[in-house]
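Worksheet: the structure to be examined is printed underneath.
Residue numbers (the working numbering): 40 to 163.
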């Protein structure tokens, strides 16, 4: 599952609480990109290709929303789709407790209301 990541700073828009409607949108080579702010959009316009290369392999952990290079993650097959998690063992465990919540949050279908649902924290 691809989650919107600002191609300038590498931050997950979901983690920042920025919906696609709130994001700054710019087009580059006939493709839309979503940014966390006008400053990042301006940086991108100055050096788009280099920034796209820097952020190309970033993925977002469905549980804690950490942005990680794909080679620093663990993958889990969930309903035929490969999901990438940070290496914290708690994140995979908490995902399986409420997977529907995390999938919907990661795709931006539900609003961000903190890192973990039901008030649980990291490594509980």
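We treat Cβ as the ideally placed atom computed from N, Cα and C, and that holds for glycine.
Just so we're clear, the structure is a prediction, and the values are computed from it rather than from any experiment.
Query, Result
"Round the Cβ separation of residue 128 and residue 90 to the nearest angstrom and send it over; I've been treating them as touching at under 8 Å.", "So it is not a contact: roughly 32 Å between Cβ atoms."
"Around the Cβ of residue 165, are there at least 16 other Cβ atoms within 10 angstroms (buried) or fewer (exposed)?", "Beyond the ends of the chain as shown, which are 40 and 163, falls residue 165; an answer cannot be given."
"Taking only beta-carbon atoms, is residue 74 less than 7 Å away from chain C?", "Absence of chain C from the displayed structure is noted, only one protein chain being present."
"Can you tell which of 97, 123, 81 has the C-alpha that lies nearest to the C-alpha of residue 52?", "97"
"Going by beta carbon distance, what residues of the same chain come within less than 7 Å of residue 67, once the five residues before and after it are set aside?", "87"
"Quick one: what does DSSP say residue 94 is sitting in, helix, strand or coil?", "helix"
"Touch check for the region 132 to 150 and the region 52 to 61: three-plus C-beta pairs under 8 Å?", "yes"
"What are the start and end residues of each continuous alpha helix (DSSP H) run of 4 or more residues lying completely inside the region 64 to 149, in chain order?", "77 to 85, 87 to 94, 128 to 136, 138 to 145"
"Suppose contacts are defined by Cβ-Cβ distances below 7 Å. Is residue 100 in contact with residue 130 by that definition?", "yes"
"Among residues of its own chain, excluding the 5 on either side of residue 79, which ones have a beta-carbon nearer than 6 Å to its beta-carbon?", "45, 47, 48"
"Buried or exposed: which applies to residue 121, given that a residue is buried once 16 or more other Cβ atoms fall within 10 Å of its Cβ?", "exposed"
"Looking at residue 132: is its Cβ nearer than 7 Å to the Cβ of residue 123?", "no"
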